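Taking it in order: structure first as structure tokens, then the write-up.
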Amino acid sequence: MRKLQVFLLVAVAILFTAPASAQVKLGIKGGIDATSLKLNESVFDESNRVGFYVGPTLKFTLPLVGLGVDASALYDQRSANVENSSDGSKTSLDQKQIAIPINLRYSVGLGSLANFFVFAGPQFGFNVGGDKKISDYDWKWKDSNFSVNLGVGITLVNHLQLNANYNIACGKTGDATWNSASETVSKSVTNKNFHARYNAWQIGLAYYF
Numbered sequence: 005m006r007k008l009q010v011f012l013l014v015a016v017a018i019l020f021t022a023p024a025s026a027q028v029k030l031g032i033k034g035g036i037d038a039t040s041l042k043l044n045e046s047v048f049d050e051s052n053r054v055g056f057y058v059g060p061t062l063k064f065t066l067p068l069v070g071l072g073v074d075a076s077a078l079y080d081q082r083s084a085n086v087e088n089s090s091d092g093s094k095t096s097l098d099q100k101q102i103a104i105p106i107n108l109r110y111s112v113g114l115g116s117l118a119n120f121f122v123f124a125g126p127q128f129g130f131n132v133g134g135d136k137k138i139s140d141y142d143w144k145w146k147d148s149n150f151s152v153n154l155g156v157g158i159t160l161v162n163h164l165q166l167n168a169n170y171n172i173a174c175g176k177t178g179d180a181t182w183n184s185a186s187e188t189v190s191k192s193v194t195n196k197n198f199h200a201r202y203n204a205w206q207i208g209l210a211y212y213f
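Under this note's numbering, the first residue of the sequence shown is numbered 5, with each subsequent residue one higher.
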């Protein structure tokens, strides 16, 4: 939490101490999620699927020093297949959320032609659907979640941006609660509540106007 507070203070300081030459650009971005769903019990076997994200983005840059901040409001859908190892039944779990990443970035490069950058920052997610009721269990995503982004990218001719990052979940993002009357749950399982954590590799494309 202390590191997050320091990060936010640095981002705010950049915004309020920026000279008039600072650049602010609005754009649109989208990309794919290669998700990794991790469960705390072996009752489920999981396999991951590709999801996607899309939404508006804002970039604030100090050209002379290479520092900047970007923030986005993204519709983010992630998906995984899970199999109940007790009876072989399968289902798809889809997390649908509004994700708000706020990244501090540092760029080096060739002026307006191209620049490379690294970035890191927190991401706040707000669930907008995806809960499921299955015969043996109920699956519920948390109403909100917190994660951290670490990534690299390249900007071409001041408009087109390519980036890749790893999104790391901080805490659980969903729970499965088994029905007490379920006959398919193994007798060796004493805990009826399981939780999952969704991490993701992301590859994105953005265009700034």
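For glycine and all other residues, C-beta sits at the position ideal for the given N, C-alpha and C. Predicted, not measured: the structure shown is a model, and the values here were computed from it.
Counted within 10 angstroms of its Cβ, other Cβ atoms place residue i as buried (16 or more) or exposed
i	result
F130	exposed
P60	exposed
T181	exposed
S151	buried
G175	exposed
A173	buried
Q101	buried
Y243	The structure shown has nothing for residue 243, since the chain only spans 5 to 213.
F213	exposed
V68	A quick correction: the sequence has Leu, not Val, at residue 68. When all chains shown are included, L68 counts as exposed.
S192	Confidence is the limiting factor: at S192 the pLDDT is only 46, short of 50, which leaves the residue's position unreliable, though a coordinate-based value still follows. Counting Cβ neighbours within 10 Å, S192 comes out exposed, since fewer than 16 surround it.
K33	buried
Residue i - DSSP class collapsed to helix/strand/coil
i	result
T181	strand
A200	strand
Q77	For the record, residue 77 in the displayed sequence is Ala; it is not Gln. Three-state DSSP puts A77 in coil, outside helix and strand.
V1	This structure does not reach residue 1, given that the chain is present from 5 up to 213, and the question cannot be answered.
L30	strand
L209	strand
N119	strand
L160	strand
L71	strand
L41	strand
L3	Residue 3 cannot be examined here, being either before or after the span of the chain that is shown, 5 to 213.
K100	strand
S192	Caution is warranted here: a pLDDT of 46 is assigned to S192, below 50, making its placement in the model unreliable, and the coordinate value is therefore given only provisionally. Note: S192 maps to coil in three-state DSSP.
I172	strand
Paired residues, beta bridge with residue i - DSSP
i	result
A124	L108, L154
V58	G34, Y79
K144	D179
Distance between beta carbons of residue j and residue i, contact taken as under 8 Å
i	j	result
A84	R109	About 30 Å separates the two Cβ atoms, so there is no contact after all.
V73	I106	7 Å
A200	L41	6 Å
G113	F123	The pair is not a contact, with the Cβ atoms about 14 Å apart (cut-off 8 Å).
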